[in-house]
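Read through the structure below, which is laid out as structure tokens, and then see the notes.
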Amino acid sequence: MSTKMFVFYDAQNSFSEFQLPGTLVRAESQPPTKDKAVNDAYDNVGRVLSVYKQLFRWNSVDNHNMHIISTVHFGENYENAYWDPDRLQIVFGDGDEFLNNFTSCVDVIGHELTHAVTENTSPLLYFGQSGALNEHISDVFGIIVKQVVEKEDAASADWLVGEGCIAPGVKGVALRSMKAPGTAYDDPRFGKDPQPDHFKYYRATFEDNGGVHIYSGIPNKAFYLCSTAFGGYSWEKAGKI
1 MSTKMFVFYD AQNSFSEFQL PGTLVRAESQ PPTKDKAVND AYDNVGRVLS VYKQLFRWNS
61 VDNHNMHIIS TVHFGENYEN AYWDPDRLQI VFGDGDEFLN NFTSCVDVIG HELTHAVTEN
121 TSPLLYFGQS GALNEHISDV FGIIVKQVVE KEDAASADWL VGEGCIAPGV KGVALRSMKA
181 PGTAYDDPRF GKDPQPDHFK YYRATFEDNG GVHIYSGIPN KAFYLCSTAF GGYSWEKAGK
241 I
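Using full-length UniProt numbering, the letters of the sequence shown correspond one by one to residues 1 to 241.
In structure tokens, the structure reads:
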């Protein structure tokens, strides 16, 4: 990798996107800081970029070694991580009652950085079925990264996305299950996983940008079935498709 291909900033709990990326706290090749969120993000962004480079011969998110900017500690009690297409960076909140620990979830980071890859390779609109495919692609590469890191084949993997992001006390195991969409969580406060596993359950909606996070469960299940039918590792055959 080129020098300082990825850099990390601290938003210091500011909610202002106009102040992004924040204060520089670590760059590639620099030693760890005392901030666990910074160090986790550093390690996992590096893992994602390594998987793209080594398995798919893809350099950074644009295949031209684009520098990756990451900001941690965005907002107060902010339960999300996202790719900002306007500022071309990834943003991490610290979480709160239901979700947390985003920087330590390598599959979530793989998911968000894949949104940037999709922006550079596909005209998919972020709405409806097109948007659901966008989310699906991010889940696919997020789960591939997780399975590479954990050295799991398709048959033995748990196929859970965001397994480490569910806060203690929440009745759930992950944000999504690609093996069994709709079963990731069922909590009286947080709600129930709304994903279906078959197109016969598809219903047009204006919520969630036309159900992008809901109906991605349908192709997610298809990818799981495809990967397990091929056997071996998910990235060897199904992932190459």
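Even for Gly, the Cβ is constructed at its ideal location relative to N, Cα and C.
Decide yes or no for the touch test of the region 45-59 against the region 133-148: beta carbon pairs closer than 8 Å, at least 3 of them.
-> yes
Simplified DSSP assignment, three categories, for residue 53 = helix
DSSP-derived helix/strand/coil call for residue 36 | helix
Between the CA atoms of residue 108 and residue 199 - distance to the nearest angstrom = 25 Å
Can at least three beta-carbon pairs, one atom from the region 193-208 and one from the region 108-122, be found at a separation below 8 Å?
-> Touching, no.
Starting from residue 224 and walking both ways along the beta strand (DSSP E), at which residues does that stretch end?
-> No beta strand (DSSP E) holds residue 224; the alpha helix (DSSP H) holding it covers 217-230.
Assign residue 103 to one of two classes, buried (16 or more other C-beta atoms within 10 Å of its C-beta) or exposed (fewer than that).
-> buried
Looking at residue 6 and residue 67, is the spacing between their C-beta atoms short of 8 Å?
-> yes
What residues in its chain sit with their C-beta under 7 Å from that of residue 59, if we drop five residues either side in the sequence?
-> Excluding residues within five positions, the ones whose Cβ falls inside 7 Å are 53 and 65.
Measure the C-alpha to C-alpha separation of residue 74 and residue 40 and round it to an integer number of angstroms.
-> 15 Å
C-alpha gap between residue 12 and residue 225, whole angstroms = 43 Å
Starting from residue 132, trace the alpha helix (DSSP H) both ways and give me its first and last residue.
-> 128-150
Does the region 93-100 come within contact of the region 27-34, defined as at least 3 CB pairs closer than 8 Å?
-> no
Between the region 129-144 and the region 214-224, are three or more C-beta pairs nearer than 8 Å?
-> yes
Smallest Cα separation from residue 105: which of 45, 192 and 24?
-> 45
Taking Cβ to Cβ, would you say residue 9 is nearer than 8 Å to residue 24?
-> yes
Which one of 63, 77, 113 and 181 has the shortest CA to CA distance from residue 84?
-> 113
Decide if residue 77 is buried, meaning its Cβ has at least 16 other Cβ atoms within 10 Å, or exposed.
-> So residue 77 counts as exposed.
Would residue 154 count as contacting chain B if we go by Cβ distances under 8 Å?
-> Protein chain content of the structure displayed is limited to a single chain, and chain B is not contained in it.
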